[in-house]
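In our numbering, the protein residues as written are 57 to 179.
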């Protein structure tokens with residue numbers, strides 16, 4: 057499972073090109089509270105704020121690339137929830153959801169198109 061950038065050490069974030077990730081300043085905003093006591097309204101508000109932080113983050117595309125080329129742990133990655141990214145790419149690649157892992161291209165036309173679709177919200 058790919059670890060969320062907010063949980064990585066500075067050295068690890070630097071290694072992955074995520075040294076300036078905004079999520080590092082408030083990890084629970086992006087991955088949820090550790091006690092898991094969060095109501096639906098609280099979660100929706102937290103996710104909306106986390107997505108706003110991602111949209112202003114200087115490494116948003118690197119984070120999104122890390123999420124779509126790995127199996128991201130739950131949280132907000134590049135302004136998208138990990139579950140939404142998984143569903144998006146399972147549908148885009150016509151891969152049955154039960155496979156557990158989807159490999160997407162990390163470069164080239166198809167990867168660029170898929171990343172653009174992910175950022176623009178679909179088709």
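No residue lacks a Cβ here, since even glycine has one placed at the ideal position from N, Cα and C. Just so you know, these numbers come straight off a predicted model, no measurement behind them.
Of the listed residues the options, nearest to residue i (C-alpha basis)
i	options	result
residue 71	87, 119, 143	119
residue 58	90, 100, 126	126
Rounded separation between residue i and residue j - CA only
i	j	result
residue 130	residue 123	10 Å
residue 105	residue 87	12 Å
residue 74	residue 99	25 Å
residue 96	residue 69	31 Å
residue 155	residue 60	Confidence in residue 155 is poor, its pLDDT being 47 and thus under 50, which makes the residue's placement too unreliable to answer from.
residue 65	residue 84	15 Å
residue 90	residue 81	16 Å
residue 76	residue 121	15 Å
Whole-number beta carbon distance between residue j and residue i, since they are thought to touch under 8 Å
i	j	result
residue 137	residue 103	7 Å
residue 132	residue 110	6 Å
residue 116	residue 135	7 Å
Limits of the unbroken alpha helix (DSSP H) element including residue i
i	result
residue 103	96 to 112
residue 86	83 to 87
residue 119	116 to 125
residue 92	Premise fails: residue 92 is in no alpha helix (DSSP H) and is neither H nor E.
residue 68	66 to 71
Sequence-distant residues of its chain with Cβ nearer than 6 Å to residue i (five each side left out)
i	result
residue 128	58, 138
Closer than 8 Å: residue i CB and nearest the ligand SAH heavy atom
i	result
residue 84	With respect to the ligand SAH, the structure offers nothing, as it holds no ligand at all.
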